[in-house]
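Encoded as structure tokens, the structure appears first; notes follow it.
Chains as they are written, first to last, in our numbering: chain W, 1417 to 1514; chain Z, 155 to 612.
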């Protein structure tokens, strides 16, 4: 099987998996969900690292890659931290309080 | 070694899937974030250890700068600014994608499938970048929040989009014609700007969700270009998440995607904006406090106005004061209340309202007829009965919270000016409606004060 064909299979399956998973998320958590998936899509950092760290990187590709590592790291760090900060605020009714 | 590193990627993908799975309940959600972080760590370490990566210094400098920007954003950003931050992070994510695509394009001339993936990655990356920056500007109110429309707007937008696609296709077939690249990039960037120009505040939840989806799909296309399955999986998860959220938002407004993106609201506004002066009944904080304290059940309906007035903390105080008197208090949350999906929940959670008091529209609507008081704070279109009764209303068919069916309706509102859609609200003129004119935060505070003094006297 060609590599891109395999990639399309992976895409198809994960898109359906995504639909099934997201449908089950409580609307209560839609905002944290969005910031979490945003942090996950900062996985673009992988591509950015490969470009920036490559042996044959040209000055242009290294500069663009560098900027991409900066922006995706910003997303990654702030995305996970703010999601956790939001989720910490969601509390159940304290026992004893009606 | 190479096999071990692919194991890292597989574990990372599994962690991302688990992270989203655990988001289904507040009880497990924080565990989800933790496992997501672990997955990201595995992915980053797994990439740094790959033999292609030989130059580390720039990468680590970039990590440092990114963290130095990201940490303060995460901890200092007030919760009311969450929609802006989300728009900004979509912009960053999309920019990263577009830059990586550009670097790949100039590094080696790719052909066929890889070039197609690169073009999709860059098209979505560039347009999502500018569109998200525009959304950020509108949410931050640096840019006018009202939708801006002009004659032939859709034709202009469509033309620019098709031109961008045409140059993209040109590049797929003739990648060596580098002169086409800047034109392709500029058109994509420009389309992003024009896409958001006609979008008004009420449509922001849908548009933010849609941009989330585009940013994810762009990362996904990058996965195809770099032949990296982890990117494909993570991008597809993000893409489907944004897509589902925007479908939910559209449904909650009874509108289609095309309707949101090609702005019917903007056009209707001019025709529906003239409200005639009709008599309404208004009440003072004292009267409101009295009615509330003699009720048995209260449902509060927050909207974007609550966020603007920062009234969520005072509202929690009011809810506590009423609960102490044995009154049943709950909050009814409309899916599109606020500026992004779930916006109201986060604000009320920040104010320490327990989440089991936040009830979704479908679960609470049947309870309004048995409710003594529906208290509307800064919400407008989501409680407009015209959506059900008036077929010609611009919001006809939109699911609403049935506040009008409660015994008494109280609406805290600054003035009689109509909401975003520019539609007059029948609710305000009903016989059982009391208008509480004033700033939401101040008004709720004076009700709380009144309740406290009545409590002492009694």
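Note that beta-carbon positions come from the ideal geometry of N, C-alpha and C, so glycine has one too.
So, is residue 203 of chain Z buried or exposed, given that buried needs 16 or more other C-beta atoms within 10 angstroms?
-> The residue in question, residue 203 of chain Z, is exposed, as its Cβ has fewer than 16 Cβ neighbours within 10 Å.
Would you mind giving the Cβ-Cβ distance between residue 504 of chain Z and residue 231 of chain Z, rounded to the nearest angstrom? I have them listed as a contact below 8 Å.
-> About 12 Å; that fails the 8 Å criterion.
Along the beta strand (DSSP E) that carries residue 567 of chain Z, what are the first and last residues, could you check?
-> Residue 567 of chain Z: member of the beta strand (DSSP E) spanning 562-567, first to last residue.
Are the Cβ atoms of residue 252 of chain Z and residue 279 of chain Z separated by less than 8 Å?
-> Yes, the pair counts as a contact, with Cβ atoms nearer than the cut-off.
Tell me whether the beta-carbon of residue 373 of chain Z lies closer than 8 Å to the beta-carbon of residue 392 of chain Z.
-> Remark: C-beta atoms of residue 373 of chain Z and residue 392 of chain Z approach each other more closely than 8 Å.
Between the stretch 1493-1506 of chain W and the stretch 1442-1449 of chain W, do at least 3 Cβ pairs fall closer than 8 Å?
-> The stretch 1442-1449 of chain W and the stretch 1493-1506 of chain W touch, with three or more beta-carbon pairs separated by less than 8 Å.
Coil, strand or helix - residue 456 of chain Z by DSSP | Note: residue 456 of chain Z maps to strand in three-state DSSP.
What residues in the stretch 190-211 of chain Z bring their beta carbon closer than 7 Å to a beta carbon of chain W?
-> Correct list: 190, 191, 194, 197, 198, 201, 202, 206, 207, 208, 209, 210.
Within-8 Å CB hit, residue 613 of chain Z to chain W = Nothing in the structure corresponds to residue 613 of chain Z, since chain Z is present only between 155 and 612.
What does residue 184 of chain Z touch in chain W if you count any residue whose Cβ is under 8 Å from its own?
-> Going along chain W in sequence order, the residues near residue 184 of chain Z (Cβ under 8 Å) are 1500, 1503, 1504.
Does any CB atom of chain C fall closer than 8 Å to the CB of residue 497 of chain Z?
-> Any reference to chain C falls outside this structure, whose protein chains are W and Z.
Using a Cβ-Cβ cut-off of 8 Å, state whether residue 471 of chain Z counts as contacting chain W.
-> Taking Cβ atoms only, chain W never reaches closer than 8 Å to residue 471 of chain Z, which makes this a no.
What residues from the stretch 1440-1462 of chain W come within 7 Å of chain Z, judged by C-beta to C-beta, listed N to C?
-> Going along the stretch 1440-1462 of chain W in chain order, one finds 1440, 1441, 1442, 1443, 1444, 1445, 1446, 1447, 1448, 1449, 1450, 1451, 1452, 1453, 1454, 1455, 1456, 1457, 1458, 1459, 1460, 1461, 1462 with a Cβ nearer than 7 Å to chain Z.
Measure the beta-carbon distance from residue 302 of chain Z to residue 352 of chain Z and round it to whole angstroms, keeping in mind my assumption that it falls under 8 Å.
-> Residue 352 of chain Z and residue 302 of chain Z do touch by the CB rule: their CB atoms are close to 6 Å apart, below 8 Å.
Between the stretch 499-516 of chain Z and chain W, which residues of the former have CB atoms less than 8 Å from a CB of the latter, in chain order?
-> Correct list: 499, 500, 503, 504, 506, 508, 509, 510, 511, 512, 514.
Every unbroken beta strand (DSSP E) inside the stretch 485-540 of chain Z [3 residues or more] = Whole beta strand (DSSP E) segments, 3+ residues: 512-514, 527-531.
If you draw a straight line from the alpha carbon of residue 565 of chain Z to that of residue 595 of chain Z, how long is it in whole angstroms?
-> Straight through space, the alpha carbons of residue 595 of chain Z and residue 565 of chain Z are spaced by roughly 13 Å.
Listed from N- to C-terminal order along the chain, which residues in the stretch 212-240 of chain Z have their beta-carbon within a distance smaller than 8 Å of any beta-carbon of chain W?
-> Interface annotation for the stretch 212-240 of chain Z against chain W: 212, 213, 215, 216, 217, 219, 220, 221, 223, 224, 225, 227, 228, 229, 231, 233, 236, 239, 240, criterion Cβ-Cβ distance under 8 Å.
Express the C-alpha separation of residue 341 of chain Z and residue 591 of chain Z in angstroms, rounding to a whole number.
-> Spanning the two alpha carbons is a distance of roughly 48 Å.
Counting only the same chain and skipping the five closest in sequence on each side, list residues whose C-beta sits under 7 Å from that of residue 159 of chain Z.
-> So the qualifying residues of the chain are 200, 203, 204.
Flag this pair as touching only if the stretch 529-537 of chain Z and the stretch 270-285 of chain Z have three or more C-beta atom pairs under 8 Å; answer yes or no.
-> Contact between the stretch 529-537 of chain Z and the stretch 270-285 of chain Z is absent: fewer than three C-beta pairs spanning the two stretches fall below 8 Å.
If I'm right that residue 288 of chain Z touches residue 350 of chain Z with Cβ under 8 Å, what's the distance once you round it to whole angstroms?
-> Contact holds; Cβ gap of about 4 Å.
Is the Cβ of residue 521 of chain Z closer than 8 Å to any Cβ of chain W?
-> No, residue 521 of chain Z does not count as interfacial toward chain W.
Leaving aside the five residues before and after residue 389 of chain Z along the sequence, list all residues of the same chain whose C-beta is less than 6 Å from its C-beta, in chain order.
-> For residue 389 of chain Z, where only same-chain residues beyond five positions count, the Cβ hits under 6 Å are 370, 373, 374, 377.
Along the chain, which unbroken stretches of the beta strand (DSSP E) at least 3 residues long are found entirely within the stretch 213-247 of chain Z?
-> As far as the stretch 213-247 of chain Z is concerned, it has no whole beta strand (DSSP E) run of at least 3 residues.
Within-8 Å CB hit, residue 548 of chain Z to chain W = Look at residue 548 of chain Z: its C-beta is not under 8 Å from any C-beta on chain W.
Does DSSP put residue 589 of chain Z in a helix, a strand or coil?
-> If DSSP states are grouped into helix, strand and coil, residue 589 of chain Z belongs with the strands.
What separation, rounded to the nearest whole angstrom, lies between the Cα atoms of residue 512 of chain Z and residue 488 of chain Z?
-> Residue 512 of chain Z and residue 488 of chain Z have their C-alpha atoms spaced approximately 10 Å apart.
Among Z:484, Z:543, Z:164, Z:546, which residue has its Cα nearest to the Cα of residue 454 of chain Z?
-> A check of alpha carbon separations from residue 454 of chain Z across Z:484, Z:543, Z:164, Z:546 identifies Z:484 as the nearest.
Identify which residue in Z:545, Z:465, Z:539 has its Cα closest to the Cα of residue 597 of chain Z.
-> Looking at the Cα atoms, Z:465 is the closest of the given residues.
With 8 Å as the threshold, decide whether the Cβ of residue 316 of chain Z is near any Cβ in chain W.
-> No Cβ of chain W is located within less than 8 Å of the beta carbon of residue 316 of chain Z.
For residue 265 of chain Z, is the classification buried or exposed, using 16 other Cβ atoms within 10 angstroms of its Cβ as the cut-off for buried?
-> With fewer than 16 other beta carbons inside 10 angstroms of its own, residue 265 of chain Z counts as exposed.
Per-residue DSSP class, three states only, for residue 482 of chain Z | Strand, per DSSP.
Local conformation of residue 285 of chain Z per DSSP, three classes | Collapsing the DSSP output to three states places residue 285 of chain Z in a helix.
Kindly say whether residue 177 of chain Z, judged by its beta-carbon, lies nearer than 8 Å to any beta-carbon of chain W.
-> At least one chain W Cβ lies under 8 Å of residue 177 of chain Z.
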